[in-house]
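Chains as they are written, first to last, in my numbering: chain L, 195 to 312; chain E, 115 to 604.
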């Protein structure tokens, strides 16, 4: 039982990761693909942030009388990764707008019918 | 001059936004040309310094590693940085006319800005000694290359850029997961530091998992078979200049990251204890044979060359798979030589596109006689690709075959030779169409490409011959690099 409850953060991460990856692979709608991709990336953010926790540790701000702090580095790393994720999503959405303009659709199989490229 | 390593990354990074706001016209191109040439010079100086004075360790902002980010330059990354920077410098003169024709005028400053960002990312990956920093630069170069690819003339450029974005992001995220898992066990992100901590925790499953995630993530970026699906479309529909630049640099840098993780970050023997090597050999063999056969059946010349690139990556992966000093030397030499030959070939194809606006097999009949210099470049680069003695391609094939013979890997030897044969078939098909088929009458007179396209193309072609005869630079540096990586399997 401890295997499930004691590591619940990892189960959340794995669940989100699989949901995201499955959505990217299985959905034909380009916007849904982007949503899946974002969920996939967010799961990794959770992985990092939950890793930084130190049991009984306070928030990593220097305070009188506090000896134990959580590890702030994963948070900082994830700030960078969030920026990268936002940039990726923005670029992907921009591409979808352009695809919609030139194909008139954002469904993968319809685009595929129009030309054999995706 | 202590700051060479940092300047290589910072100069293109700072110039990129400046170029984006420059007025239209040729000024953005001129600034980019100056910057890339400067970067190539700096990269040359850096390699010289590393070879003569030893490893450069540069602490960013004066924060000592492992807490601060360290740029750590040894023979391996100095060599790769030189490949990237000099290919960029050679591509730029070529870019002027080709870009003016293929990119809408109002987007040209943005185009050069994205190109500089892509260069920043690629150089950054080679310079840094921090595995999280690698991820950041990987995404800088990837995001800008998605944008660059989507600028292609045909609408398929958009869908191929999107497809590349999805696969590239999954690859980068896998890499990120791997880095996170490794960090959770070692508490460090500095490559050297991780290398010293890892042996103590190497028995943990988390480390294995992290290793697997990192390998798959980079294999996607590397277009290692069977994760290469994004590459043919991306190379086919991208603007000519972008194809030249990416084909000659992007996958090479990913290969470098793979080498660095395999041999430096993870302790000696770790990779040998996993089935990674066998997987590399199988993937290498499969990509050489399957991608070459695909190349034979392509009707679009750029797509043909793209599949050929997948096959050539197979050779490099095979070289790493041998995990011997000769094998890694072969992979590094082929990395350099392949940049020369594919750069020249894609430039020649770009010149044909510049003249006739397309590059399908049935549209280029007899063009070789109308464009003798472009055709000559294709022939010599094709010979190099096949591996004819006297060209650079021969040197890399030679080392690869020696590496295979050392381990009595007869199947690999046969595959390498058979792959050359398949290259004869698909390059022969291209040359046949260009020279021996009668010219299709379109009523338009096709003339030779302008000098500004021919000069960079022939620079690379002559380099193909030069490095086929004088191997001191390439093999010498690659051997030093392989020694730096500490490859230990005999």
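Cβ atoms here follow ideal geometry from the backbone N, Cα and C, with glycine treated the same way.
Could you tell me the alpha carbon to alpha carbon distance between residue i and residue j, rounded to whole angstroms?
i	j	result
residue 287 of chain L	residue 225 of chain L	8 Å
residue 251 of chain L	residue 266 of chain L	11 Å
residue 606 of chain E	residue 260 of chain L	This structure leaves residue 606 of chain E out entirely; chain E is present only between 115 and 604.
residue 604 of chain E	residue 514 of chain E	Any reading at residue 604 of chain E needs caution, since the residue's pLDDT is 45, under 50, leaving its predicted position unreliable; the model's value is listed next. Cα to Cα, residue 604 of chain E sits roughly 15 Å from residue 514 of chain E.
residue 239 of chain E	residue 308 of chain L	38 Å
residue 431 of chain E	residue 505 of chain E	21 Å
residue 311 of chain L	residue 304 of chain L	Low confidence applies here, because residue 311 of chain L scores a pLDDT of 46, under 50, leaving its location unreliable; read the following figure in that light. Looking at the two C-alpha atoms, the distance is approximately 11 Å.
residue 356 of chain E	residue 258 of chain E	11 Å
residue 198 of chain E	residue 369 of chain E	13 Å
residue 441 of chain E	residue 213 of chain L	40 Å
residue 182 of chain E	residue 270 of chain L	13 Å
residue 172 of chain E	residue 117 of chain E	8 Å
residue 123 of chain E	residue 234 of chain E	5 Å
residue 205 of chain L	residue 198 of chain L	8 Å
residue 155 of chain E	residue 476 of chain E	42 Å
residue 509 of chain E	residue 501 of chain E	8 Å
residue 596 of chain E	residue 549 of chain E	42 Å
residue 299 of chain E	residue 247 of chain E	18 Å
residue 298 of chain L	residue 358 of chain E	31 Å
residue 177 of chain E	residue 283 of chain L	33 Å
residue 572 of chain E	residue 307 of chain E	44 Å
residue 150 of chain E	residue 275 of chain L	28 Å
residue 449 of chain E	residue 592 of chain E	10 Å
residue 281 of chain L	residue 253 of chain E	9 Å
residue 292 of chain L	residue 219 of chain E	18 Å
residue 210 of chain L	residue 261 of chain E	28 Å
residue 317 of chain E	residue 311 of chain E	12 Å
residue 241 of chain L	residue 472 of chain E	48 Å
Am I right that residue i and residue j are in contact with their C-beta atoms under 8 Å? What's the rounded C-beta distance?
i	j	result
residue 562 of chain E	residue 487 of chain E	6 Å
residue 344 of chain E	residue 241 of chain E	Not really, about 26 Å apart at Cβ, beyond 8 Å.
residue 339 of chain E	residue 286 of chain E	No, residue 339 of chain E and residue 286 of chain E are not in contact; Cβ-Cβ is about 19 Å, not under 8 Å.
residue 415 of chain E	residue 463 of chain E	5 Å
residue 295 of chain E	residue 327 of chain E	7 Å
residue 304 of chain E	residue 243 of chain E	6 Å
residue 516 of chain E	residue 582 of chain E	Residue 516 of chain E to residue 582 of chain E, Cβ: 16 Å. No contact.
residue 104 of chain E	residue 256 of chain E	Only positions 115 to 604 of chain E appear in the structure, and residue 104 of chain E is not among them; the question remains open.
residue 145 of chain E	residue 135 of chain E	Rounded, the Cβ-Cβ distance is 11 Å, inconsistent with contact.
residue 373 of chain E	residue 190 of chain E	7 Å
residue 213 of chain E	residue 367 of chain E	Wrong, their Cβ atoms sit about 23 Å apart, outside the cutoff.
residue 185 of chain E	residue 174 of chain E	7 Å
residue 427 of chain E	residue 528 of chain E	At roughly 19 Å, the Cβ-Cβ gap does not stay under 8 Å, so residue 427 of chain E and residue 528 of chain E are not in contact.
Do residue i and residue j have their C-beta atoms closer together than 8 Å?
i	j	result
residue 203 of chain L	residue 300 of chain L	no
residue 147 of chain E	residue 207 of chain E	yes
residue 232 of chain L	residue 207 of chain L	no
residue 227 of chain E	residue 131 of chain E	yes
residue 544 of chain E	residue 492 of chain E	yes
residue 361 of chain E	residue 274 of chain E	no
residue 394 of chain E	residue 434 of chain E	yes
residue 588 of chain E	residue 371 of chain E	no
residue 405 of chain E	residue 421 of chain E	yes
residue 536 of chain E	residue 410 of chain E	yes
residue 478 of chain E	residue 387 of chain E	no
residue 364 of chain E	residue 236 of chain E	yes
residue 217 of chain E	residue 353 of chain E	yes
residue 203 of chain E	residue 164 of chain E	no
residue 417 of chain E	residue 350 of chain E	yes
residue 129 of chain E	residue 230 of chain E	yes
residue 466 of chain E	residue 481 of chain E	yes
residue 283 of chain E	residue 570 of chain E	no
residue 245 of chain E	residue 379 of chain E	yes
residue 459 of chain E	residue 577 of chain E	no
Would you list the one or two residues that DSSP bridges to residue i?
i	result
residue 242 of chain E	E:185
residue 263 of chain L	L:252
residue 172 of chain E	E:185
residue 304 of chain E	E:244
residue 474 of chain E	E:414
Does the beta carbon of residue i fall short of 7 Å from some heavy atom of the ligand SAM?
i	result
residue 282 of chain L	This structure simply doesn't include the ligand SAM, nor any ligand for that matter.
Please list the residues of the stretch 222-245 of chain L that have a C-beta atom closer than 7 Å to any C-beta atom in chain E, keeping them in chain order.
224, 227, 231, 234, 235, 238, 241, 242, 245
Chain-ordered residues of the stretch 261-273 of chain E with a beta carbon less than 8 Å from chain L
261, 264, 269, 270, 272, 273
Chain E contacts from the stretch 258-278 of chain L (Cβ-Cβ distance under 7 Å)
271, 274, 275, 278
Residues from the stretch 289-311 of chain E in contact with chain L, defined by Cβ distance under 9 Å:
290, 291, 293, 294, 295, 297, 298, 301, 303
Identify each residue in the stretch 292-311 of chain L for which the Cβ-Cβ distance to at least one residue of chain E is less than 8 Å, and report them in chain order.
292, 293, 296, 297, 305, 309, 311
So if I threshold CB-CB distances at 9 Å, which residues from the stretch 205-220 of chain E count as touching chain L?
none
Scan the stretch 203-222 of chain L for residues whose Cβ lies nearer than 7 Å to a Cβ of chain E and list them as they occur along the chain.
218
Residues in the stretch 124-149 of chain E having any Cβ partner in chain L nearer than 8 Å
none
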